[in-house]
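Sequence order for the protein chains is V and Y.
Take the first sequence: its letters are residues 179 to 321, numbered as in our numbering.
Take the second sequence: its letters are residues 3 to 388, numbered as in our numbering.
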Amino acid sequence: MKRVLGEGWILPALDNLNRAFFTTGKLTLQQCKKCSHLQHPPEEICRNCQSFDLGHFESAGTGKIASVAVNHHPVHPDMRDIVPFAIVLVAVDDAPGPLLAGNAIGVAPTDVQIGDSVRVVFEEAHDKHTDERLLIPQWEVVR
Amino acid sequence: MRQKSAVCGIGETRYYKRGDAPHTEFQLACLAIKAAAEDAGLPLSEIDGFVSYSDSRNGPTRLSAALGIDNLRFAATTWPGGGNTAAAAMQIADAAVRAGYARNIVVFRAIAQGQFGRYGQARAGSGSVLGGTAAFNAPYGLLTPAQQCALRTAAFMDKYGVSQEALCDIAMACFANAQLNPRALQNGHPLTREKYHASRWIVTPYHLYDCCPENDGAAASIVTSAERARDMRSTPAYIVATAQGDGPSFGEFGPDNYTSSYYGSVASNLWNYAGLTAQDMDVVQFYENFTGAVLIALAEMGFAPMEGIQEFVSDDALVGPDAKLPFNTSGGNIAEAYIHGFGLINEAVRQVRGESTCQVKDVEHSLMVAGPGYAPGSALVLGATA
């Protein structure tokens, strides 16, 4: 799908910690191989057992909205044409613990409610600096 | 532990709308420091230390040369962050004075956004590529403190059944108290509930009046030993306790923290150190970046349970010198001026001295709580007696 906030909007700078999250087209969270702790954003060490042996958990990609803030004020001039939009925190059903930031789509921004069910969708982007293809997780409201 | 320290002098410039200051930021810093030294009756040459935020553009050696300081003994800044470290800056000065590393330490903040650009506006827009934590936020338009605190506040309101009226109560108290304070930029511009609700949305649940403005100006205080403070011109405000605290898990939104302002551990650290509780405070100054984040911090600091915070702030409970909880008596960041919390420190000192324009009777303990929603948070208790 097209990018929610516009094709030119800010991209994540890919690195070894976040590449799986932003490129695989699956909802992929960091998980400790020693203690199975799930953490997001990813870190260079397990926040639970301090192991460096970190891998990934592939989620089925459904969740619930834990919070929503509808952004009306363009905090950057490039936002003038894209407000209002809904910023959400999502609790992932099969990955309890960390909450993921994103945008909610599929209903009007002002209609998004805490507790709404969502499923992950991916917006496609291309980083012209590195020539990498990105698939950025977003959240579609399911009613 | 050596003897206590005290705030012996406070000063500030006139406060200005963002971009309107007629002086450079460095000149504003010098004006506020000169005013604080004058207030203490302390020759500028006897200042021997500086503490500010990590991003301060007004460094200690430039200030030392400009102000004719004889012997700069101590210079430090807080960790990067923002207004969450306002009271932490006081903690650094308190520790250094009590350890004997310096005698008269200036703690200050100066802001000239006309000269250096705005703090509250996102620098990155289309075409940017951002790494670190921003990589997980900026692609979703999550760029500013208002948005981050809005997400926490919306979840907090949902979880504890708090309505928009509680946020309005915080803004109303700040504006009401500012009407008594000629320094306040909103003096002469009272707020009504109708005006609050009719104001535009910035990011739900924040209206315009839930957000502090951006201002220019400077404020400074001088920390010295309790013994020296007693011989100076102004009444000492003794530093009873300071604290920092973080957690749980700042940097990620998790099940334990997404309705938090990160003041739970600040509260336990502060009250344990002081041997006091929230109920011992006669007057409070809470750093309002955003009203909703303050509601959470009020609860976390122990003034009311989360479930009871709406009732606690309702019925003008925070308005005026005789309020149930005298709160942001200068008008605070929202209605006096936003000097990144340093105006609130000066007001906490004035309450101990009996010099506020919204003076509470017989103040023994005066609390200042720094910026909510970011860690490490920090807080300061000042006392009338050593």
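Cβ coordinates follow ideal geometry from the N, Cα and C atoms, glycine included.
Since the structure is predicted, the reported quantities are computational estimates derived from the model, not experimental observations.
(request) With DSSP as the reference, please indicate the residues paired to Tyr18/Y in a beta bridge. (result) Asp218/Y
(message) Let me confirm a value: Gly129/Y is counted as buried when at least 16 other C-beta atoms fall within 10 Å, else exposed. Which label applies?
(response) exposed
(message) For a quick check, are the C-beta atoms of Ala98/Y and Gly21/Y less than 8 Å apart?
(response) no
(request) To the nearest angstrom, report how far apart Arg195/Y and Ala148/Y are at their CA atoms. (result) 21 Å
(message) Please list the terminal residues of the continuous alpha helix (DSSP H) segment that includes Pro147/Y.
(response) 147-162
(request) Label Asp294/V either buried or exposed according to how many other C-beta atoms from any shown protein chain fall within 10 Å of its C-beta, with 16 as the threshold for buried. (result) buried
(request) Inspect the CB distances between the region 286-301 of chain Y and the region 150-160 of chain Y and report whether three or more fall short of 8 Å. (result) yes
(request) Would you mind giving the Cβ-Cβ distance between Ser380/Y and Gln246/Y, rounded to the nearest angstrom? I have them listed as a contact below 8 Å. (result) 5 Å
(request) Can you grab the Cα-Cα spacing for the pair His367/Y / Val321/Y, in whole Å? (result) 18 Å
(request) Express the C-alpha separation of Asp233/Y and Tyr121/Y in angstroms, rounding to a whole number. (result) 40 Å
(request) Check whether the region 206-221 of chain Y touches the region 14-34 of chain Y, taking contact to mean three or more Cβ pairs, one atom from each stretch, closer than 8 Å. (result) yes
(message) Taking 8 Å as the threshold (C-beta atoms), are Gly11/Y and Ala38/Y in contact?
(response) yes
(message) Under 8 Å, Cβ to Cβ, is there at least one residue of chain V near Pro141/Y?
(response) yes
(request) Would you tell me roughly how many angstroms separate the C-alpha atoms of Leu145/Y and Asp256/V, rounded to the nearest one? (result) 13 Å
(message) For a cutoff of 8 Å on Cβ pairs, would you count Gly233/V as touching chain Y?
(response) no
(request) Assess, as a yes-or-no matter, whether the region 229-248 of chain V is touched by the region 200-213 of chain V under the definition of 3 or more beta carbon pairs within less than 8 Å. (result) yes
(message) Run through chain Y and tell me which residues come within less than 8 Å of Gly280/V, C-beta to C-beta.
(response) Tyr142
(request) Take Ala42/Y as the anchor and find which of Thr387/Y, Tyr376/Y, Arg352/Y has the nearest alpha-carbon. (result) Arg352/Y
(message) Can you give me the C-alpha to C-alpha distance between Tyr211/Y and Arg75/Y, rounded to a whole angstrom?
(response) 43 Å
(message) Taking beta-carbon pairs under 7 Å, can you tell me which members of the region 128-139 of chain Y lie near chain V?
(response) Ser128, Gly129, Ser130, Val131, Leu132, Gly133, Thr135, Ala137, Phe138, Asn139
(message) Just to confirm before moving on: does the CB-CB distance between Phe288/Y and Ala377/Y stay below 8 Å?
(response) no
(request) Could you check the C-alpha separation between Gly356/Y and Lys363/Y for me, to the nearest Å? (result) 8 Å
(request) Just confirm the distance between the C-beta atoms of Gln150/Y and Pro207/Y, as a whole number of angstroms; I'd bet it's less than 8 Å. (result) Wrong, their Cβ atoms sit about 13 Å apart, outside the cutoff.
(message) Given this structure, state the Cα-to-Cα distance separating Pro315/V from Gly203/V, to the nearest angstrom.
(response) 8 Å
(message) Quick check: what's the CA-CA separation for Gly119/Y versus Ile347/Y?
(response) 25 Å
(request) Starting from His25/Y, trace the alpha helix (DSSP H) both ways and give me its first and last residue. (result) Neither: His25/Y is in no alpha helix (DSSP H) and is coded neither H nor E.
(message) How far does the beta strand (DSSP E) with Leu1/Y in it extend, from its first residue to its last?
(response) The requested residue 1/Y does not occur in the structure, where chain Y is confined to residues 3 to 388.
(message) If I measure Cβ to Cβ from Leu195/V and keep anything under 6 Å in the same chain, skipping five residues before and after, which residues do I get?
(response) Pro220
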